[in-house]
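For any residue, its number in the working numbering is found by taking its place in the sequence shown, counting from 1, and adding 161. Cβ coordinates follow ideal geometry from the N, Cα and C atoms, glycine included. The next block holds one structure in the form of structure tokens; read it before the comments.
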Amino acid sequence: MELGIGMFGDLSFDEKTGKPRDSKVKLQEILEQIKLADEVGLDVFGLGEHHRPDYAVSSPEIVLAAAASITKNIKLTSTVTVLSSAEPVKVYQDFATIDLISNGRAEIGVGRGSFIESFPLFGYNLSDYDQLFEEKLDLLLNINNNDVVNWKGKLRAPLVNQMVLPRATNGGRLPIWIAVGGTPESVLRAAKLGLPLIVAIIGGMPKQFQPLINFYKQEYIKYGHDVSQMQIGIHSHSFLSDNEASTDQYYDNYAAQMDRIGATRGWSPYTKMQYDGGRAKDGALFIGDANEVADKILYMHELFGITRFIGHMDVGDPSHAGMMKSIEIFGTKVAPIVKKALKS
């Protein structure tokens, strides 16, 4: 099983001024954190796309390209690219470029987007939400599989004998993962196409997702895909510390960000009871010391047979020192425990 870290580039807000902290500082910190993740031997790093004042990253591919030049082994992916409001030709070109810079370490994670700010920003109609994703995914896969592209859709001009350059390593093909939040239709789409699936499990009890992941496995096989190539991942909020006080204090960062998001979605204020419940074995938060988090990852493997776990580690913008320590623990303590257990 691959173990990795995901981030959105969360920005905390100054209580006095009400302003988010400097994106420039945050981006420099992210690059240091990716470099450390590579140095401690983690397998993958993912970065998400947002267009809000509480996130520093609107273009994951730009940051990942910078990271490609300061890392050696870690895979670099988007978690996720909001494909519905993106241009598939440019998405492929950008990630192919990262792939060439990194000597074959680029991947793409695509999703429909749970945040909708990018749709009006780039001139798309939310009424086309589903059709945009389906059509653009079809085009991206066509580009990924063909040097010369011939394609026709309804919401974008056709491509006729067009070369899309540069081409990635591995015969021009990039790994493309489908990211879902729990919609059966999205899971079915990934299974039909034989694409790797990554499920965002950020609340409730992970066991509730078992029928959904079993559905993916069933349909993947039904559509004739090679079971040995099946890849399933989960992406969950995570934070590690050897100090219980630090873990408890992280609640303040976490709750602040959940409340900012919740304010636009009608959620009730986030509570300490929710936080503590999420940290329990059956909960969706991978927050605790190395043994606690390793045990929960192994439990996820038992539940779902996952091949990848990504710990989303910067929710609420914890301190840079806290993030560096969390990454260090994840790579030097959690990863060895998990991988040793899976070998036995």
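Distance between residue 452 and residue 296 (C-alpha atoms, nearest Å): Inter-residue distance for residue 296 and residue 452 is about 44 Å (C-alpha atoms, whole angstroms).
Through-space distance from residue 432 to residue 466, alpha-carbon basis: Cα-Cα distance, rounded: 31 Å.
Residue environment, residue 222, which counts as buried when at least 16 other CB atoms sit within 10 Å: Burial state of residue 222 is buried, judged by a 10 Å Cβ sphere holding 16 or more other Cβ atoms.
Range covered by the beta strand (DSSP E) that runs through residue 393: Its beta strand (DSSP E) spans residues 393–401.
Span of the beta strand (DSSP E), counted from its first residue to its last, around residue 125: Since the first and last residues shown for the chain are 162 and 505, residue 125 lies out of range.
Three CB pairs or more closer than 8 Å across the segment 198–209 and the segment 488–499: The segment 198–209 makes contact with the segment 488–499: 3 or more CB pairs, one atom from each, lie closer than 8 Å.
Residues bridged to residue 338 [DSSP beta-bridge criterion]: Bridge partners of residue 338: 270.
Pairwise C-alpha distance: residue 480 and residue 196: The alpha-carbon atoms of residue 196 and residue 480 are separated by roughly 17 Å.
The segment 272–288 in contact with the segment 319–331 per 3-pair CB rule at 8 Å: Because the criterion of three Cβ pairs below 8 Å is not met, the segment 272–288 and the segment 319–331 do not touch.
N-terminal and C-terminal residue of the alpha helix (DSSP H) that residue 348 is part of: Segment 345–354, the alpha helix (DSSP H) holding residue 348.
Residue 213 in three-state terms, based on DSSP: Note: residue 213 maps to coil in three-state DSSP.
Check whether residue 412 and residue 436 have beta carbons under 9 Å apart: Result yes, Cβ atoms of residue 412 and residue 436 sit closer than 9 Å.
Three-state secondary structure (DSSP) of residue 426: The DSSP-derived three-state label of residue 426 is coil.
Three-state secondary structure (DSSP) of residue 462: The DSSP-derived three-state label of residue 462 is helix.
Expected contact under 8 Å - CB spacing of residue 337 and residue 305 to nearest Å: Taking C-beta atoms under 8 Å as the contact rule, residue 337 and residue 305 qualify, at a distance of about 6 Å.
Status (buried if at least 16 other CB within 10 Å, exposed otherwise) for residue 379: Around the beta carbon of residue 379, fewer than 16 other beta carbons lie within 10 angstroms, which makes this residue exposed.
Terminal residues of the alpha helix (DSSP H) in which residue 256 lies: 249–262 is the span of the alpha helix (DSSP H), which, as asked, contains residue 256.
Supposed close pair residue 468, residue 162 - CB separation, criterion 8 Å: Contact flag correct, Cβ pair sits at about 6 Å.
Whether residue 164 touches residue 483 by CB criterion (9 Å): Between residue 164 and residue 483, the gap from beta carbon to beta carbon reaches 9 Å or more.
Residue 163 - containing beta strand (DSSP E), residue span: Unbroken beta strand (DSSP E) run through residue 163: 163–168.
Those residues which DSSP pairs with residue 469 across a bridge: In the DSSP output, where bridge partners are listed per residue, residue 469 has 163, 394.
Which listed residue (445, 388, 230) has its alpha carbon closest to that of residue 369: Residue 369 has its Cα closest to that of 445, out of 445, 388, 230.
Span of the alpha helix (DSSP H) around residue 477: Note, residue 477: premise wrong, no alpha helix (DSSP H); not H, not E.
Neighbour-count burial assignment, residue 487, 16 or more Cβ in a 10 Å radius: The Cβ neighbour count for residue 487, taken over all protein chains shown within 10 Å, is at least 16; the residue is labelled buried.
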